[in-house]
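The numbering of the sequence shown is full-length UniProt numbering, which starts it at 1 and goes up by one. Report on the following structure.
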Amino acid sequence: MYSYIKSSKDQITELYFSSVLPEPSCLLKSVRVFVFNKKKHLLLIKKMDGRWDLPGGQHTKGETFEETATREVYEESNVKIKKLKWMAYEKITKFEENACKLAKRNSFRDPIKSITFTQYGFAFVDEIDHFILSSESISRFFFPVEEAIKQDGILYKNRHIIFEKIYNSL
């Protein structure tokens, strides 16, 4: 398991390459899926603000992670997926606004506000239905790898690292 860490003053994001989420899995907040077609082009959805992003979204209590991934990809793109495999997860630790001041004062208050996980997987197109405009996405497109790596959805945080590992394993 490899890890990469990015930090800012209010949060630390750790990236782990593992198909298994650490316990407790109730901290899983969202999933993101790299979906490829037969040409190995990557599915991205266009958000209302004009950014191209990976399909995915919030985990619903009672669903398996696979059900969440399948539901979110379909809701945002009208693409059914198959052969879903988990590849990595991010652990996001958010701190209270004044965490540094609390630590300097030796405060007994826990500076950690929350810990959540985002799980990343990849899958392949099973079926493509007619696209329906929604509040979650206004378009979908399968990008060739050369174009996909230039989009916000891949450049965001650690996603380019995950994409590279997935693409090289196809």
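Backbone N, C-alpha and C fix where the C-beta goes; we use that ideal spot for every residue, glycine too.
- The residue from 29, 14, 40 with its alpha-carbon nearest to that of residue 168 is 40.
- For residue 36, the uninterrupted beta strand (DSSP E) run begins and ends at 28–36, by DSSP.
- The alpha-carbon of residue 139 is positioned some 29 Å away from that of residue 13.
- Take the alpha-carbon of residue 75 and the one of residue 136: they are about 8 Å apart.
- Around the Cβ of residue 22, a 10 Å sphere holds fewer than 16 other Cβ atoms; the residue is exposed.
- Taking all protein chains shown into account, residue 57 has 16 or more neighbouring C-beta atoms within 10 Å of its C-beta and is therefore buried.
- Exposed is the label assigned to residue 144, since fewer than 16 other Cβ atoms lie within 10 Å of its Cβ.
- Take the alpha-carbon of residue 68 and the one of residue 51: they are about 22 Å apart.
- Straight across, the Cα-Cα distance linking residue 89 with residue 122 is about 12 Å.
- Under DSSP, residue 53 shares a beta bridge with 45.
- Taking C-beta atoms as the reference points, residue 78 and residue 162 fail to come closer than 9 Å.
- In the three-state reduction of the DSSP assignment, residue 153 falls in the helix class.
- The residues 54, 56, 118, 120, in chain order, have a CB closer than 7 Å to that of residue 32 in the same chain once the five nearest residues on each side in sequence are set aside.
- Linking residue 63 to residue 83 through their CA atoms gives a straight-line distance of about 18 Å.
- Our two residues, residue 130 and residue 91, have alpha carbons roughly 35 Å apart in a direct line.
- By the CB criterion at 9 Å, residue 141 and residue 46 fall inside the cutoff.
- If you compare the alpha carbons of 124, 73, 114, 16 with that of residue 37, the shortest gap goes to 124.
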